[in-house]
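Everything on this sheet refers to the single structure shown next.
In mature numbering (1 follows the signal peptide of the UniProt record, and there is no 0), the protein residues as written are -20 to -1, 1 to 258.
Written as structure tokens, this is what we have:
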């Protein structure tokens, strides 16, 4: 009887430790706040987005497109998260952000930074053939206070028009990851505006510096593509939002989260989620 109890205790302890070591990581394009989104205004979507994040219990996640007021809404509603990220237009608060959220009670912030996807990454600037918008990558260096493990988390939003800009952005991302993170474990999330066939996706996925978490699970949960256009493009299976990690990271699951509310969607993108163990 005592032996059986000890075996049960060891099993239970193993399960608890394994769960504690697992990270739930996500990438979520929130769609910027604009009055043009009739029927899908941010004021209506904001509580739904917060509920989605709370329910799926992300440990750390990257967001794209959100403006400062949107990030403040999330921070106020979900105070368990700390966030980092600057506005792409001025390096402060102006314009869209590539903000990163992480649980305050689980992670300690060790360092942070940003760079622009351009030939002058140290300052707000257009890159290559991009004409519309400055594009930005934000990053944090975190320590899991429970396990002591440290890792870098990069989050990015690629240009939607310039093909050269997207291809060069992948080159720059890999260079920056090597110079900033060195041999440390890395997670990269983002809206890459390119599916698995795009050359800029393949440059990262085949780099041996990072691997796509989607490729590392036998049964990815994919009932839709990651862009839904608030319902106008839900039949596509095209995945343009990705989560990459350093080689050697175990991926337990990967999925596109197609949550909806009252026949609507919280954003024009679905979040992608991966459960990983470093």
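For glycine and all other residues, C-beta sits at the position ideal for the given N, C-alpha and C.
Remark: C-beta atoms of residue 115 and residue 90 do not approach each other more closely than 9 Å.
Judged by beta-carbon spacing, residue 231 lies beyond the 9 Å limit of residue 238, meaning their Cβ atoms are not closer than that value. Within the segment 46 to 74, the runs of beta strand (DSSP E) at least 3 residues long that lie entirely inside it are, in chain order, 61 to 64.
Taking C-beta separations shorter than 7 Å and ignoring five residues to either side along the sequence, the partners of residue 37 in its chain run 4, following chain order. Within its own chain, no residue has a Cβ closer than 6 Å to the Cβ of residue 244 once the five positions on either side in sequence are excluded. When secondary structure is reduced to three states using DSSP, residue 92 falls in the strand class. If you look at residue 221, you'll find it isn't in any alpha helix (DSSP H); it sits in the beta strand (DSSP E) that goes 221 to 225. Below 8 Å, enough C-beta pairs join the segment 146 to 155 and the segment 170 to 185 to call them touching: three or more. Closest by C-alpha distance to residue 222, out of 246, 228, 215 and 190, is 190.
Segment contact: the segment 129 to 140 against the segment 156 to 170, three or more CB-CB distances shorter than 8 Å; contact assigned.
Where residue 184 is concerned, there is no enclosing beta strand (DSSP E), although the alpha helix (DSSP H) around it starts and stops at 179 to 185. Checking the DSSP bridge columns, you'll see residue 191 partnered with 225.
The residue from 102, 30, 131 and 85 with its alpha-carbon nearest to that of residue 60 is 85.
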